[in-house]
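Since the structure comes first, as structure tokens, the remarks are kept for the end.
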Amino acid sequence: VLFYHFLHHATDLKKTQIKIVFDMLDWNAVGEIGFDQFYMLVCILLAHQNHLEEQFMYRHSRPVFDLLDLDGELRIGEANFQMYRFLFNIQKQELRELFHDFDITGDR
């Protein structure tokens, strides 16, 4: 409840997006997030607000990767990135191009 109200008042995220963000941060499904996850969220929001998403992702690529690697297989599928692209201001076409450029195995 507090998480929803915080993001509702601090951002322009929709209710469904707030739920998606909470589920991403609550990776062990206990219904709460810790300080490290909250800190990462605040950093992402500040980068988004200041239009520094690209720089943030570059400088914090490992923590961002770990957040998006939902199943822990050390791989991020396009569907995972698609779900969270609103946090990083990535357009659909940019996402397609990104996966086309970096799919070195050719399986996607």
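Sequential numbering of the sequence shown, starting at 11, is according to our numbering.
No residue lacks a Cβ here, since even glycine has one placed at the ideal position from N, Cα and C.
With contact defined as three or more Cβ pairs closer than 8 Å, the stretch 58-70 and the stretch 94-103 are in contact. Taking 8 Å as the upper bound for CB-CB distance, residue 79 and residue 85 are in contact here, some 7 Å apart.
In the structure shown, residue 90 adopts helical secondary structure according to DSSP, grouped into three states. Ranked by Cα distance from residue 88, the options 107, 40 and 38 are led by 107.
The Cβ atoms of residue 47 and residue 35 sit closer than 7 Å to each other.
A distance of 7 Å or more separates the beta carbons of residue 32 and residue 45. In the three-state scheme derived from DSSP, where H, G and I count as helix and E and B as strand, residue 62 is classed as coil.
Scanning its chain for C-beta atoms nearer than 8 Å, with the 5 sequence neighbours on each side dropped, one finds around residue 90 the residues 78, 79 and 80, in chain order.
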